[in-house]
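Contents: one structure, followed by commentary.
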Amino acid sequence: MMERLFPITRSLTGEGVRESLRILGEVIPLENHEVRTGQKAFDWMIPKEWNIRSAYIEDVDGTRIVDMKDNNLHVVGYSVPVDAIMPLEELLPRVFSLPDHPEWIPYVTSYYKETWGFCMEDKRKASMRPGPYHVVIDSRLDEGVLNYADLVIKGESKDEILLSSYICHPSMANNELSGPVILSYLARWILSLPNRKWTYRIVIAPETIGAIHYISQNYEHFRERVLGGFVLSTIGDAGDFSYVASRYGDAISDEVTERVLKKIGPYKKYSFKDRGSDERQYNSPGVNLGVVTLTRSKFGTYPEYHTSADNMELITPEELEKSLEAMKSIISEMERERIAGPYEAVQGRNRKSGYYELSVPCEPQLGKRGLYPTLSQKGNIDKVRNMMDFLAYADGTNSPEEISERTGIDLKQVFELIELFSREGIIRKV
């Protein structure tokens, strides 16, 4: 399954996502959905649909310096079409590489600002002659749809366990494919169980915007029914098991994950400050579903992450099987649990007058306000980490001093962020 999915060119939207969901649908009876460009999802908007046929750079002799046919990471995701002749000095600002890993191709996208670019090995970039170069990107950005899929497996109780992963990256094995593939086979196993106490909701959607849309469509239901949940990400390599805790680390999902991983062997627990996948949305203020993320080498911590080195050699059938078995153990433990009710309803945290909370559920769209880098590449999130950490705990239950203590942000900067986000309408007083 991994080998079939690996070559497909995927992004937030487009035929690559549809093809990938069709293949995953051979494992379990996924229900496919689509949502049109421009539809609002809390503070976000569904983007245009992107499809690409080819992308290459040719030198004056007609030799192709890079060609997307060789590796679909060679083109910046969501690049607009271009067909132009230009000198090297004009082209170079649009070519991305990794000087620290000169033989790897970086993964770069620009979803919400129209631009174009290429990615290549740094040693290849360094060898380029003055030019001129023929630059071609044969792509389309159209009013279209965003695709995602889900499956609800009913149990004796209507209360739900949420199981989620993402499908939106091009050819990266551990980061892109280990999560949805293991989740699909886990769901097939859950379907085979003769009895199920809980109902299980399987979600495979483009990261961030897909999860935000899905939450917006199921918001009240989730708050009434979800007991906890699990996001699967970067779970196919040989690293020790690790997990990203829920926002306050007190959900049944945290407890069960820790109990199971202690039996398996060495593991690492990350706080919610180390988040990076869709646990950000499922645990955001106003949503707060008590979801943890199960990984092996956590996203952003292994050098191959978001590069061409995250290939089929990084994962093995044996490690995929270990991860699947770990998730089976976690589900088996959840089945034995007696849970009083949805996580939000039982956690016992109270909003307080005068404290600050997000004005909408899920993370706000900072990019459209000029507060977030429009080009997504390795390391960019570090520039806005304090802003995101502040927003994660602006839930109306934490004073500015408590936010400072929880996040490590200097109290002076906390008050500066309160002023900034109040002005932008992102937060409000309880």
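Going by the numbering used here, the residue at position 352 of the sequence shown is 361; the numbering climbs one at a time, nothing skipped.
Cβ atoms here follow ideal geometry from the backbone N, Cα and C, with glycine treated the same way.
Helix, strand or coil for residue i per DSSP?
i, result
"LYS163", "coil"
"PRO373", "coil"
"SER431", "helix"
"ILE348", "coil"
"MET54", "strand"
"ASP398", "helix"
"VAL423", "helix"
"THR304", "strand"
"ARG437", "strand"
"VAL393", "helix"
"LEU241", "strand"
"LYS282", "helix"
"SER413", "helix"
"GLU322", "coil"
"MET343", "helix"
"ALA182", "helix"
Hey, quick one: how far does the beta strand (DSSP E) through residue i stretch, first residue to last?
i, result
"ARG45", "40 to 45"
"PHE15", "Looking at the DSSP string, PHE15 is not in any beta strand (DSSP E), and its letter there is neither H nor E."
"TYR252", "250 to 253"
"ILE418", "Careful: ILE418 lies outside any beta strand (DSSP E) and carries neither H nor E."
"GLU366", "365 to 367"
"TYR276", "276 to 279"
"GLY219", "Segment 218 to 234 is the alpha helix (DSSP H) holding GLY219; no beta strand (DSSP E) there."
Give the range of the alpha helix (DSSP H) segment to which residue i is assigned.
i, result
"TRP198", "187 to 201"
"ASP92", "First-last for ASP92: 91 to 95, but that is the beta strand (DSSP E), not the alpha helix (DSSP H)."
"LEU380", "Looking at the DSSP string, LEU380 is not in any alpha helix (DSSP H), and its letter there is neither H nor E."
"LEU33", "24 to 33"
"ILE176", "Element bounds for ILE176: n/a, residue is neither H nor E."
"VAL265", "261 to 273"
"ASP131", "131 to 135"
"TYR291", "288 to 291"
Note down the Cα distance separating residue i from residue j, rounded to an integer number of angstroms.
i, j, result
"LEU101", "GLU330", "43 Å"
"GLY341", "GLU334", "First, the amino acid is wrong: residue 341 is Ser here, not Gly. Straight-line Cα distance between these residues: approximately 10 Å."
"ASN292", "TYR352", "10 Å"
"LYS122", "ILE55", "13 Å"
"PRO16", "SER180", "6 Å"
"TRP53", "GLU40", "24 Å"
"LEU107", "VAL75", "15 Å"
"SER262", "PHE399", "24 Å"
"LEU375", "TYR381", "5 Å"
"ALA50", "ILE221", "6 Å"
"MET396", "ILE199", "39 Å"
"VAL84", "LEU186", "20 Å"
"PRO373", "SER88", "24 Å"
"LEU429", "ILE94", "43 Å"
"GLY405", "TYR365", "5 Å"
"GLU43", "VAL117", "25 Å"
"VAL265", "GLY25", "35 Å"
"LEU420", "ARG305", "34 Å"
"LYS278", "GLY295", "24 Å"
"THR72", "ARG149", "25 Å"
"ILE224", "THR46", "17 Å"
"SER338", "GLU267", "12 Å"
"GLN290", "PRO139", "46 Å"
"GLU130", "GLU98", "18 Å"
"ILE32", "ARG197", "14 Å"
"LEU323", "LYS206", "36 Å"
What does residue i pair with, by DSSP beta-bridge criteria?
i, result
"LEU150", "TRP59"
"ASP76", "TYR65"
"ASN156", "GLU43"
"ARG210", "VAL161 and LEU171"
"PRO115", "THR316"
"ASP404", "GLU366"
"LEU333", "None; LEU333 has no bridge partner."
"TYR142", "MET95"
"HIS104", "In the sequence under discussion, the amino acid at residue 104 is Val, which differs from the His named in the question. Answer by DSSP bridge pairing, in chain order: PHE127."
"GLY258", "DSSP output for GLY258 lists no bridge partner at all."
"VAL84", "PHE127"
"LYS49", "MET54"
Measuring only from the beta carbon, is residue i closer than 7 Å to any heavy atom that is part of the ligand GDP?
i, result
"THR310", "Ligands displayed in this structure: none; no statement on the ligand GDP is therefore possible."
> Can at least three beta-carbon pairs, one atom from the region 267 to 284 and one from the region 238 to 246, be found at a separation below 8 Å?
Replying inline: With the rule of 3 Cβ pairs closer than 8 Å, the region 267 to 284 does not count as touching the region 238 to 246.
> Taking contact to mean at least 3 C-beta pairs separated by less than 8 Å, is the region 158 to 175 in contact with the region 205 to 214?
Replying inline: The answer is yes - the region 205 to 214 touches the region 158 to 175, with three or more Cβ pairs under 8 Å.
>> Check whether the region 247 to 254 and the region 301 to 315 are in contact - that is, three or more C-beta pairs closer than 8 Å.
In response: Yes, the region 247 to 254 touches the region 301 to 315.
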